[in-house]
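Novice: Structure provided below as structure tokens; questions to follow.
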Amino acid sequence: MPSSLPSVYRQAPFVEDCAPRRVLRLFSGKWTTMLLHTLHLLGGASRPGKLQRSVPGLSKKMMTQTLRELEQSGLVSRHVQQIMPPSVEYRLTPAGQIFIEPIEMLYTWAIDHAADLEALQARQAEGERTDTPGT
């Protein structure tokens with residue numbers, strides 16, 4: 001660990017309930033950051049159908065489960081419009097807006113380093129092939 005970091009940062013990963021571990025646990029779900037990022041791109045609010053269509057590969061079940069988790073954590077709110085037929089909209093909460101900045105920084109970094117990420121993925125896939133018994 002770089003010695004130029006303040007001591008509180010050097011010790012943080014070793015503390016069981018430190019802020020870095022909490023934020024990583026919060027964003028560890030496969031679809032969590034993708035849904036927050038997509039809600040942000042859609043202006044901070046979206047109906048479920050549009051949200052699901054905006055995230056390729058996301059099933060309705062996983063979207064619903066992830067949105068419930070985000071709602072429980074206070075990052076997203078669910079609004080039911082009392083019209084016929086009833087309409088639901090999900091919105092980023094003020095807390096959700098706070099977390100958008102680091103998520104967008106991560107997405108920008110990933111785009112800037114796409115080639116490095118592809119090379120890493122290829123090395124991992126190659127390692128999986130060589131670790132497979134009988135190959």
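Residues in the sequence shown are numbered consecutively from 1, following full-length UniProt numbering.
Where a beta carbon is used, it is the ideal one built from N, C-alpha and C, also for glycine.
#1: Compute the Euclidean distance between the alpha carbons of S87 and R47, then round it to the nearest angstrom.
#2: In the DSSP output, what is V88 paired with across the bridge?
#3: DSSP on S46, reduced to helix/strand/coil?
#4: For the alpha helix (DSSP H) that residue 145 lies in, which residues bound it at each end?
#5: Using the beta-carbon count (16 or more within 10 Å), is T64 buried or exposed?
#6: Leaving aside the five residues before and after V80 along the sequence, list all residues of the same chain whose C-beta is less than 7 Å from its C-beta, in chain order.
Specialist: According to the data block:
#1: For this step, residue 87 is matched to residue 87 along the sequence shown. For this step, residue 47 is matched to residue 47 along the sequence shown. One C-alpha to the other measures close to 8 Å.
#2: Mapped onto the sequence shown, residue 88 falls at position 88. V88 is bridged to V80.
#3: Position 46 of the sequence shown, counted from the first residue, corresponds to residue 46. Looking at S46 - three-state DSSP - the assignment turns out to be strand.
#4: Because residue 145 is not part of the residues shown, which for the chain are 1 to 135, the question remains open.
#5: On the sequence shown, position 64 is the one that residue 64 refers to. Per the 10 Å Cβ criterion, exposed.
#6: As a position in the sequence shown, residue 80 is number 80, starting the count at 1. When the five nearest sequence neighbours on each side are left out, the beta carbons in the same chain lying within less than 7 Å of the beta carbon of V80 are those of P86, V88, in order along the chain.
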